[in-house]
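First the structure, in the form of structure tokens, and then the observations on it.
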Amino acid sequence: MIIDQNKIDETIKIIKANGGHGIQKCVQCGACSAVCPGVKAGFPLLCRALIKDLLNGLLEENIENSSSWGCQACNRCTEVCPQGVRPQEVVFAFRRYQANELAFSTSSVTSQMNLYETGHAVFTDPKEARRKVGLPEETPTSAFNEAAQQEIRTLMDNSPMGELGLF
Ligand code: SF4
Ligand code: SF4
Numbered sequence: 124m125i126i127d128q129n130k131i132d133e134t135i136k137i138i139k140a141n142g143g144h145g146i147q148k149c150v151q152c153g154a155c156s157a158v159c160p161g162v163k164a165g166f167p168l169l170c171r172a173l174i175k176d177l178l179n180g181l182l183e184e185n186i187e188n189s190s191s192w193g194c195q196a197c198n199r200c201t202e203v204c205p206q207g208v209r210p211q212e213v214v215f216a217f218r219r220y221q222a223n224e225l226a227f228s229t230s231s232v233t234s235q236m237n238l239y240e241t242g243h244a245v246f247t248d249p250k251e252a253r254r255k256v257g258l259p260e261e262t263p264t265s266a267f268n269e270a271a272q273q274e275i276r277t278l279m280d281n282s283p284m285g286e287l288g289l290f
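What the sequence shown shows, in my numbering, is residues 124 to 290, in sequence order.
This is how it looks when you write it as structure tokens:
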């Protein structure tokens with residue numbers, strides 16, 4: 124692989140600007156990948172592997188990779204990292220870069236639209252199931268509260284997500 128120092132510098136600058144401040148402290152020990160449920164589930168470009176690519180300046184090359192959307196934000200990687208890299212923040216920094224370039228996975232667009240419309244990223248109509256077990260059909264959440272939904276929409280419209288023109 125040809126080392127392009129300008130690409131490396133630009134990639135690190137972008138990742139740090141998006142919150143991945145510890146990326147350069149990584150020593151590639153792999154402790155984060157060993158505990159990552161996303162890696163175990165088959166998303167290869169998380170934790171150590173993602174950081175390795177980014178430290179080699181491979182940013183645009185990975186823009187369509189969906190692994191970052193498999194991160195569960197569990198922060199196990201952060202707990203075990205001996206270097207204080209906070210790998211989850213690097214993953215999210217990369218994900219923010221992808222989002223800013225509109226490189227979303229289909230599932231993440233769906234969850235954002237659900238969040239905008241109901242206040243829940245994952246939502247299925249609960250009425251029938253609740254009726255069967257004798258519970259009130261509507262949950263006491265934003266899903267059935269128009270005022271709360273409006274507040275969530277206002278927040279999202281005024282967030283960086285709103286600037287992407289998805290809603
Ligand atoms: S926070 Fe994300 S990257 Fe870190 S261990 Fe959990 S799933 Fe993996
Ligand atoms: S645990 Fe920390 S130092 Fe080790 S590979 Fe992961 S981010 Fe790098």
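Built from N, CA and C at the ideal position, the CB exists for glycine as well.
Remark: the C-beta of G161 is in contact range of ligand 1, defined as less than 6 Å to any heavy atom. Taking C-beta atoms as the reference points, K148 and Q206 count as a pair closer than 7 Å. DSSP places K139 inside the alpha helix (DSSP H), whose first and last residues are Q128 to A140.
Checking the 6 Å criterion, the Cβ of N179 is out of range of every heavy atom belonging to ligand 1. No Cβ-Cβ contact shorter than 7 Å links I186 with A222. Per the Cβ contact rule, the region 124-142 is not in contact with the region 190-203 (fewer than 3 Cβ pairs under 8 Å).
Distance from F215 to G193 at the Cβ level is roughly 12 Å; contact not present, criterion being Cβ atoms closer than 8 Å. In this structure, the beta-carbon distance from A244 to S231 does not fall below 7 Å.
Note that the C-beta distance between C152 and C159 is not below 7 Å.
Within 6 Å of the C-beta of Q221 there is not a single heavy atom belonging to ligand 1. By the 16-neighbour rule on beta-carbons within 10 angstroms, I126 is exposed. No heavy atom of ligand 2 is found nearer than 6 Å to the CB of C197.
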